[in-house]
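Chains P and C are the protein sequences, given in the same order.
Here this note's numbering is used: the first residue of the first sequence is 1, the next is one more, and so on.
Here this note's numbering is used: the first residue of the second sequence is 312, the next is one more, and so on.
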Amino acid sequence: MVRIMKTTTIVAVVALAMAIATTATAQVKVVTTTQDLASLVAEVGGDKVKVESLARGYQDPHFVEAKPSFVLRLHSADLLVVVGRELELAWLPPLITQSRNPKLQPGGAGHLDASQTARILDVPTGQITRAMGDVHPSGNPHYWLDPGNGRRIAKAIEGKLAQLRPADSAYFAQRYADFDRRLTEGERRWKAALAPFQGTRIVTYHRSWTNFTDAFGLAVVGYVEPKPGIPPSPAHTLTMIQEIKRQGIQVILVEPYFDLKTPNAIARDTGAKVLVMPPSVGGVKDASDYIRLFDYNTNLLVTTLKSLTGR
Amino acid sequence: MHETSTRCVRWCALTAVCAVFFAGSAAAQQSTPPLPQVDPQQLRQEVDKLRQELLALRDAYEQRLAALELRLASVSGTPPVAGAVAVPPPVTAPPQAAPVAPPTDAPVASTVPGAGGPQGALPVYGNPSAMSKIFNPDIAVIGNFLGAVGKNDIAPAPVFEMGEAEATFQAVVDPYARADFFLAFSPEGVEIEEGFLTLTSLPGGLLAKVGKIKQQVGKVNTFHAHSLPWTDRPLANVNLLGGEEGLADSGISVSRLIPNSLLFLEATGELYQGNSGVFQSHTRSDVSWVGRVRGYRDITEATNLDVGASIARGHNDAGPDFTTRVFAVDAILRYRPLQRAIYRRFIGRTELFWSDREQEDGTVPAFGMYVSGDYQFARRWFAGARYDWSERAYDATLKDKGGSLMLTFWPSEFSQVRGQYRRVNFAEGVRSNELLFQFLFSIGAHGAHVF
Numbered sequence: 001m002v003r004i005m006k007t008t009t010i011v012a013v014v015a016l017a018m019a020i021a022t023t024a025t026a027q028v029k030v031v032t033t034t035q036d037l038a039s040l041v042a043e044v045g046g047d048k049v050k051v052e053s054l055a056r057g058y059q060d061p062h063f064v065e066a067k068p069s070f071v072l073r074l075h076s077a078d079l080l081v082v083v084g085r086e087l088e089l090a091w092l093p094p095l096i097t098q099s100r101n102p103k104l105q106p107g108g109a110g111h112l113d114a115s116q117t118a119r120i121l122d123v124p125t126g127q128i129t130r131a132m133g134d135v136h137p138s139g140n141p142h143y144w145l146d147p148g149n150g151r152r153i154a155k156a157i158e159g160k161l162a163q164l165r166p167a168d169s170a171y172f173a174q175r176y177a178d179f180d181r182r183l184t185e186g187e188r189r190w191k192a193a194l195a196p197f198q199g200t201r202i203v204t205y206h207r208s209w210t211n212f213t214d215a216f217g218l219a220v221v222g223y224v225e226p227k228p229g230i231p232p233s234p235a236h237t238l239t240m241i242q243e244i245k246r247q248g249i250q251v252i253l254v255e256p257y258f259d260l261k262t263p264n265a266i267a268r269d270t271g272a273k274v275l276v277m278p279p280s281v282g283g284v285k286d287a288s289d290y291i292r293l294f295d296y297n298t299n300l301l302v303t304t305l306k307s308l309t310g311r
Numbered sequence: 312m313h314e315t316s317t318r319c320v321r322w323c324a325l326t327a328v329c330a331v332f333f334a335g336s337a338a339a340q341q342s343t344p345p346l347p348q349v350d351p352q353q354l355r356q357e358v359d360k361l362r363q364e365l366l367a368l369r370d371a372y373e374q375r376l377a378a379l380e381l382r383l384a385s386v387s388g389t390p391p392v393a394g395a396v397a398v399p400p401p402v403t404a405p406p407q408a409a410p411v412a413p414p415t416d417a418p419v420a421s422t423v424p425g426a427g428g429p430q431g432a433l434p435v436y437g438n439p440s441a442m443s444k445i446f447n448p449d450i451a452v453i454g455n456f457l458g459a460v461g462k463n464d465i466a467p468a469p470v471f472e473m474g475e476a477e478a479t480f481q482a483v484v485d486p487y488a489r490a491d492f493f494l495a496f497s498p499e500g501v502e503i504e505e506g507f508l509t510l511t512s513l514p515g516g517l518l519a520k521v522g523k524i525k526q527q528v529g530k531v532n533t534f535h536a537h538s539l540p541w542t543d544r545p546l547a548n549v550n551l552l553g554g555e556e557g558l559a560d561s562g563i564s565v566s567r568l569i570p571n572s573l574l575f576l577e578a579t580g581e582l583y584q585g586n587s588g589v590f591q592s593h594t595r596s597d598v599s600w601v602g603r604v605r606g607y608r609d610i611t612e613a614t615n616l617d618v619g620a621s622i623a624r625g626h627n628d629a630g631p632d633f634t635t636r637v638f639a640v641d642a643i644l645r646y647r648p649l650q651r652a653i654y655r656r657f658i659g660r661t662e663l664f665w666s667d668r669e670q671e672d673g674t675v676p677a678f679g680m681y682v683s684g685d686y687q688f689a690r691r692w693f694a695g696a697r698y699d700w701s702e703r704a705y706d707a708t709l710k711d712k713g714g715s716l717m718l719t720f721w722p723s724e725f726s727q728v729r730g731q732y733r734r735v736n737f738a739e740g741v742r743s744n745e746l747l748f749q750f751l752f753s754i755g756a757h758g759a760h761v762f
């Protein structure tokens with residue numbers, strides 16, 4: 001009995017010491033699942049936060065391994081920002097459970113689902129079954145590729161950081177305002193650059209670009225994957241080739257983590273051009289933050305479309 | 312949400328049908344005298360009229376529901392989805408709908424003073440509102456169909472067997488815990504494969520599990536049948552831990568991270584009832600216990616090393632005074648290039664077991680091990696090999712040796728087909744040569760992958 005009391009006292013003292021230690025540190029420790037979210041946290045949090053991402057931008061965010069080293073990062077975090085919409089379903093829940101960090105548990109003060117305030121597309125209507133492939137019942141999780149959503153996510157992050165560090169709320173608000181201004185300028189720039197190519201029809205590998213094409217007026221008419229998450233099949237590839245020829249499609253967008261074999265084969269047959277375009281910050285070296293990701297992608301698209309159309 | 316609304320509509324329609332039917336029959340009984348000859352034409356007209364009324368009713372309810380959903384969406388703060396079906400404005404139901412609305416449950420009878428029933432609000436069971444289902448746990452069922460051809464005189468498996476249907480139920484219990492249930496339906500019956508509460512909010516970096524748990528003796532022992540890289544379990548697990556089921560028992564498991572700057576280090580202590588696999592408890596105090604230390608380190612972003620050492624001790628079936636002690640070491644080397652993660656990976660595993668079993672004729676020290684490698688060579692294809700070597704726990708002079716080759720195909724994330732060629736030299740001097748195959752398929756909630 002005395003021993004149990006002793007242990008309890010020690011545990012309590014340790015917990016208290018840890019609590020004091022965390023409140024004393026100036027920086028909010030933030031872990032995000034993707035580099036896009038990490039970039040947005042850095043924009044709003046500035047030097048008041050220390051942020052790191054679990055997945056890399058050149059990695060397929062659906063298939064990340066639940067490494068124990070991630071448990072360590074979550075264990076000491078004050079805030080976890082997730083993409084949500086079932087994107088991290090296959091790997092994040094066990095990490096959160098093992099994190100031994102009550103703040104990050106679903107519903108905890110340090111758990112932010114960035115999709116809550118975002119504009120979500122591709123929400124399936126009608127009966128959904130896995131016969132449709134790996135469908136996301138609550139909508140397309142690649143929503144960060146709409147700059148408008150970047151703004152919404154940043155706003156949600158600002159709110160959460162202000163809640164965790166009320167003393168710094170003015171600082172976060174000012175940083176958000178600055179980001180908002182630069183993002184608005186960027187949007188104007190990107191939309192102007194892509195304006196001549198409004199309505200251009202493209203094919204993409206996975207359904208990653210719905211928000212992007214919606215924001216910039218491009219039209220996705222087909223996918224290299226026959227169904228989301230299902231690898232290319234010969235029959236579907238043949239259909240795509242015919243469709244690309246029929247509609248005169250000139251660009252096939254491929255995320256950096258997919259095999260180029262099928263897209264290249266389609267390109268050889270149709271004369272279309274394969275563009276490896278990163279859907280995430282860190283997907284290529286030049287896409288080093290949220291605004292640069294759009295700079296890189298619009299620049300890549302515009303240069304290619306200009307050379308193809310001669311406009 | 313859509314399924315929910317379809318359900319609601321169905322319910323409403325059903326209720327409406329019943330109400331109309333009852334109302335109709337009651338009215339018929341009251342007002343119209345029994346008709347000796349029924350005019351079929353008139354009857355048909357009446358039926359048509361009824362049908363039209365019903366359709367109108369259904370439409371009205373659907374519109375009301377859609378309006379409600381819209382209002383709900385605006386209340387919960389979710390912005391209306393672009394591209395979603397345009398919802399018509401709420402339409403007031405046709406007048407005939409009004410009397411149809413069934414009276415709500417009548418708890419009055421029991422709450423009326425003197426009625427003798429319990430006072431206060433009663434819980435409403437069978438709530439027709441689908442909102443009551445949002446707290447249902449995530450449910451999935453995983454089917455494990457096994458087949459075998461070839462020669463095996465020692466442990467022959469049937470040519471076809473629906474070996475196991477595993478039902479999983481997982482949900483967060485409250486702000487402090489989550490619960491996971493894995494029920495195994497097999498030809499032997501239904502068993503709780505695992506079922507435990509995980510306390511996620513303990514202070515001091517502790518994580519505790521309470522319930523029936525797969526014991527952390529080595530790595531493979533904690534795996535469910537569907538997450539094994541083979542169709543069977545290694546000989547060492549079967550011989551030294553106790554059969555295909557392995558060690559899984561009712562008890563408590565507490566683990567803690569040991570903070571350091573070098574690697575992920577986790578220490579686990581577990582206490583069990585003592586009735587599982589090679590352990591058998593004779594009195595209540597014959598508990599078994601497990602201690603484990605696990606270390607993990609990323610070597611590069613693509614390569615990592617995972618090593619562990621476990622010790623387990625408990626009483627055995629030789630008698631109340633005899634114990635078995637198992638010491639296990641496991642190591643896993645993983646390679647998975649991040650940018651090509653869905654196409655390439657290699658996992659090399661090995662586990663070594665040392666068992667000391669006390670019995671009438673003294674202590675039997677037995678050793679067993681396996682080494683295996685699995686390589687993903689295409690998006691849906693894996694090839695693997697395993698070498699087995701194990702003595703038997705009760706007689707170390709009996710040695711079983713074997714080897715296997717595996718080929719696995721994944722049609723999707725939710726199904727898997729596997730073939731395994733297995734050759735075993737049993738201690739009895741008998742050799743088995745078999746081709747084992749397996750179909751794994753999963754329906755329901757998308758479970759997380761084990762690491």
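Note that CB positions come from ideal geometry on N, CA and C, so glycine has one too.
As far as DSSP is concerned, P/V64 takes part in no beta bridge.
The DSSP assignment places complete beta strand (DSSP E) segments of no fewer than 3 residues inside the stretch 68 to 131 of chain P at 79 to 82 and 111 to 113, in order along the chain. Counting only the Cα atoms, P/L79 lies some 31 angstroms from C/E505. In this structure, C/F664 lies away from C/H626, with their beta-carbon atoms at least 8 angstroms apart. Annotated three-state conformation of C/G461 is strand, per DSSP. The beta carbon of P/E65 sits closer than 8 angstroms to some beta carbon of chain C. The C-beta distance from C/N548 to C/N532 rounds to 6 angstroms, short enough to fall under 8 angstroms. Here DSSP, grouped into helix, strand and coil, assigns P/P196 to helix. In the DSSP assignment, C/Q670 falls within the beta strand (DSSP E) that extends over R656 to Q670. Counting C-beta pairs with one atom in each stretch, the stretch 119 to 139 of chain P and the stretch 210 to 223 of chain P have three or more that are closer than 8 angstroms, which means they touch. With at least 16 other beta carbons inside 10 angstroms of its own, P/D60 counts as buried. Per the C-alpha coordinates, the member of C/E739, C/A613 and C/E577 positioned closest to C/D706 is C/E739. Secondary structure note for P/M277: it is in no alpha helix (DSSP H), with a DSSP letter that is neither H nor E. For P/S39, the secondary structure class from DSSP, reduced to helix, strand or coil, is helix. The beta carbons of P/S39 and P/V83 sit no closer together than 8 angstroms.
Apart from sequence neighbours up to five positions away, the residues of its chain that approach C/T614 with a beta-carbon distance below 6 angstroms are Y646, ordered along the chain.
Assigned with DSSP and collapsed to three states, P/H142 falls in coil, not helix or strand. Residue state for C/G522 is assigned as strand, using DSSP reduced to three classes.
In the three-state reduction of the DSSP assignment, C/A536 falls in the helix class.
The three-state secondary structure of P/D180, taken from DSSP, is helix.
Shown in chain order are the members of the stretch 654 to 670 of chain C whose Cβ falls below 7 angstroms from a Cβ of chain P: Y654.
When secondary structure is reduced to three states using DSSP, C/F493 falls in the strand class. In the three-state scheme derived from DSSP, where H, G and I count as helix and E and B as strand, C/Q584 is classed as coil.
The stretch 650 to 666 of chain C makes no contact with the stretch 499 to 514 of chain C: fewer than 3 CB pairs, one atom from each, lie closer than 8 angstroms. One thing to note: P/P232 has its Cβ within 8 angstroms of the Cβ of P/V224. In the three-state reduction of the DSSP assignment, P/R292 falls in the helix class. The contact set of C/V483 on chain P, defined by CB atoms closer than 7 angstroms, consists of P106 in chain order. CA-to-CA, the gap between C/L552 and C/F693 works out to about 28 angstroms. Think of a sphere of 7 angstroms around the beta carbon of P/V71: the chain C residues whose beta carbon falls inside it are F575, in chain order. Using a CB distance cut-off of 8 angstroms, C/E724 counts as an interface residue toward chain P. Listed along the chain, the chain C residues whose CB falls inside 9 angstroms of the CB of P/G229 are S723 and E724. In this structure, C/E577 sits away from C/R595, with a CB-CB distance that is not shorter than 8 angstroms.
For the options P/L37, P/A55, P/P147 and P/D295, the alpha carbon positioned closest to that of P/L92 is the one of P/A55. Membership of C/E505 in the beta strand (DSSP E) is indicated by the continuous run G500 to L510.
Remark: C-beta atoms of C/L457 and C/G474 approach each other more closely than 8 angstroms. Contact check for P/L161 against P/V28 passes: the beta carbons are separated by less than 8 angstroms.
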